[in-house]
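Going by full-length UniProt numbering, the first residue of the sequence shown is number 1, and it counts up by one from there. Glycine is no exception: its CB is placed at the ideal position from the N, C-alpha and C atoms. The model shown is predicted, which means the values in this text are computed figures rather than measured ones. Worksheet for the structure shown next.
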Amino acid sequence: MPYEKLPVLEVDGKPVAQGNAVAPYLARKYDLMGKDKWDELICEVLVDTLEDLEQDDMGGLRLCNGPGKFGVYVWGTSF
């Protein structure tokens, strides 16, 4: 297993590690990157943002839930 890390993808019998390389590879292979370069860029932004949030240890992410209310609040933006 390369770098002793997961995920690992095997391509033509060769192991590839590093999620930031594996995810876009699979998205392109299975036509999940959108219809044009703009969509592809937005997909990459979303993946990078999720990684940033993980590294932030939830400091900038707040889940809002309660009676009749559910959502995510990220640095001044509600989803």
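Using DSSP with H/G/I as helix, E/B as strand and the rest coil, what is residue i?
i, result
"Leu9", "strand"
"Thr77", "Note that Thr77 has pLDDT 49, beneath the 50 cutoff, so the model's placement of it is unreliable and no number is given."
"Asp48", "helix"
Need the endpoints of the beta strand (DSSP E) that residue i sits in, please.
i, result
"Lys35", "Premise fails: Lys35 is in no beta strand (DSSP E) and is neither H nor E."
Considering only DSSP beta bridges, list what residue i is partnered with.
i, result
"Ala23", "None, per the DSSP bridge assignment."
"Lys14", "Val11"
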